[in-house]
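Please read the structure below before turning to the comments.
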Amino acid sequence: MNIRIHIYLMIGMIMTGGVVHADESIPLTSRTIPEFPVLHSLQHEADAAMDRAYAWLRDQQHEDGYWSNPNFPAITGLAVWAMVRGGEQNEEAIDRAVEYLLSCVRDDGGIYVDPRETRRGGGLSNYNTAIAMVALHQVGRGDLMPVIMRAREFIARSQFLDPDSVHYGGMGYDAGTDRAYADLSNSYIAYEAMRLTESVEDMRETAEPVDLDWNAAVQFVQRIQNLPEFNDRPWVSDSPRNLGGFAYHPDETRAGTYTDEDGVVRFNSHGSMTYAGMLSFIYAEVDRNDPRVRSAADWAIRHWTLEENPGAGREGLFYYYNVLTKGLAAFGQNQFIREDGDLLNWRQEVIEKIVSVQRIEDATGKGYWVNDVGRYWENDPVLVTAYSILALQMALGR
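Here the working numbering = 1-based position in the sequence shown + 1075.
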């Protein structure tokens, strides 16, 4: 070990009681974590930013309880999720939002709004249901548990389980559109929802709890990773710049392609999808020392940046912050050594970045976040503010 790395490791051990190793990690759902090096002054800045954002969100809520768009309960669900984690579960705003979410519960157990016109993806039923059911679970009211149980049944039925399909084990926007389709973004959100709400199964009176086929989920996720040892898709890249990272779904990347010296088109790895893939493996209880998880973490650190979503520029930047913090928190390592020997304290860097880009209203002093690049709805400040609050909470270990 060179002397520079040794010094940084010693500093990390002094600051944290030891650099946290993956096998010492704690569950993502825990509200307490080992002590980590985030300056108290920065924690206060983050708390002030979130307080401004909570106040701003309350101002944006419609009288009917929803935020932004009544046709997409996931947006309201994300706002509720962020606010409840911030300790506002007894607020009138939360009660009104819950009533709106309950109005979106369908006969099939899903939580979504039927689209006004036929379109690909339908009403984004899986995406909306997964986020809404986590929000209701965060609220914690006993009368919401049966709704969450039925939502779990809906999500479980939506998993593609045709072993002859490349989508086997994954989730799409809407299984009811009669097309085989699954992507990693929808899948990770569904996997997360099932893990974060699994405690309701203790209340289920039937003999068998409702769950996903997690072995199938693992097969789906590894089919999207740039790791030839585990993935035989023809596009898999073994180049050092892509190894361990993830594409978007088994036949598409959103980070561009390149043609190798043999004329084969290879997929580049994508930032937010790499964290989604790593997190999906962890939700499926793949060991954090497994080469699939480790290689994803290695790719993430090799490509560390908060200025863009690697492979996509500023598209989906705040989604990237959100899944990045969840992924690294679940991985369980607070500090990493970069290739150049410098110490990466990801929690502190994330907090500094998100706090620095909050927009504060001059007239009210309230604050929000928005992406000037509107792809993936990130021109909606409610959506982006919810992403940002959740990312700050995860980076703060809450």
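Think of the CB as a built atom: it goes at the ideal place given N, C-alpha and C, for glycine as much as any other residue.
Beta-carbon contacts of residue i that lie in its chain and below 6 Å, excluding the five residues immediately before and after
i: P1284; result: E1276
i: M1348; result: L1259, F1321 and Y1323
i: R1127; result: K1441 and G1442
i: I1464; result: M1125, A1128 and A1157
i: A1207; result: P1148, G1152, L1176 and I1186
i: N1397; result: Y1462, L1465 and A1466
i: G1402; result: Y1350, M1353 and L1354
Beta bridge counterpart(s) of residue i as assigned by DSSP
i: N1384; result: G1388
i: R1341; result: Y1333
i: V1180; result: I1186
i: E1327; result: H1324
i: M1246; result: D1258
i: N1420; result: Q1410
i: R1450; result: According to DSSP, which records beta bridges pairwise, R1450 is partnered with nothing at all.
i: R1232; result: In DSSP, R1232 forms no bridge with anything.
i: Y1443; result: R1434
i: Q1300; result: F1321
Cβ shell of residue i (< 7 Å), same chain only, five flanking positions each side left out
i: Y1451; result: E1390, G1391 and Y1394
i: Y1175; result: D1139, G1140, Y1141 and T1151
i: G1184; result: R1225, A1226, E1228 and F1229
i: N1144; result: I1150
i: N1454; result: V1445 and N1446
i: Q1297; result: F1305, N1306 and R1367
i: T1328; result: A1322, F1342, N1343 and H1345
i: D1326; result: V1241
i: R1270; result: Y1358
i: R1308; result: R1298 and P1325
i: E1427; result: L1117
Under 9 Å between C-beta atoms of residue i and residue j
i: V1155; j: A1130; result: no
i: V1474; j: L1114; result: Past the boundaries of the shown model lies residue 1474; the chain is included only from 1076 to 1473, so the question cannot be answered.
i: A1124; j: Q1433; result: yes
i: A1226; j: T1272; result: yes
i: I1376; j: F1411; result: yes
i: Q1234; j: M1220; result: no
i: V1448; j: G1388; result: yes
i: G1352; j: G1386; result: no
i: R1363; j: S1344; result: no
i: A1121; j: A1359; result: no
i: S1355; j: A1257; result: no
i: V1340; j: W1374; result: no
i: L1419; j: Y1350; result: no
i: P1190; j: N1146; result: yes
i: A1255; j: A1205; result: no
Where residue i falls, given that 16 or more other Cβ within 10 Å makes a residue buried
i: R1106; result: Confidence is the limiting factor: at R1106 the pLDDT is only 38, short of 50, which leaves the residue's position unreliable and the question unanswerable from this model.
i: V1361; result: buried
i: T1380; result: exposed
i: E1414; result: exposed
i: Y1333; result: exposed
i: S1200; result: buried
i: A1508; result: Outside the shown range of the chain (1076 to 1473) lies residue 1508, about which nothing can therefore be said.
i: S1314; result: exposed
i: V1159; result: buried
i: S1100; result: Low confidence applies to S1100: its pLDDT is 39, below 50, so where it sits in the model is not reliable, and the reading given next is rough at best. So S1100 counts as buried.
i: A1438; result: exposed
i: G1319; result: buried
i: D1098; result: Confidence in D1098 is poor, its pLDDT being 37 and thus under 50, which makes the residue's placement too unreliable to answer from.
i: G1217; result: exposed
i: V1222; result: buried
i: G1346; result: buried
i: H1212; result: buried
i: L1282; result: A small fix is needed here, since residue 1282 is Ala in this sequence, not Leu. With fewer than 16 other Cβ atoms within 10 Å, it is exposed.
i: G1338; result: exposed
i: S1312; result: buried
i: E1436; result: exposed
i: E1267; result: buried
Contacting residues, own chain, Cβ-Cβ under 8 Å from residue i (five flanking each side not counted)
i: G1162; result: none
i: W1444; result: A1128, F1393, I1429, V1432, Q1433, R1434, P1456, V1459, T1460, Y1462 and S1463
i: Q1294; result: Y1243 and G1244
i: C1179; result: P1148, I1186, Y1187, V1188, N1203 and A1207
i: R1279; result: M1224 and V1285
i: V1492; result: Because the chain spans 1076 through 1473 in this model, residue 1492 falls outside it and cannot be assessed.
i: L1236; result: Y1243, G1244, D1288 and A1291
Check: residue i C-beta below 8 Å from any heavy atom of the ligand PLP
i: N1317; result: The model on display carries no ligand, and the ligand PLP is accordingly not part of it.
*Would you check if the segment 1363 to 1375 and the segment 1302 to 1310 touch, i.e. whether three or more CB-CB distances between them fall below 8 Å?*
yes
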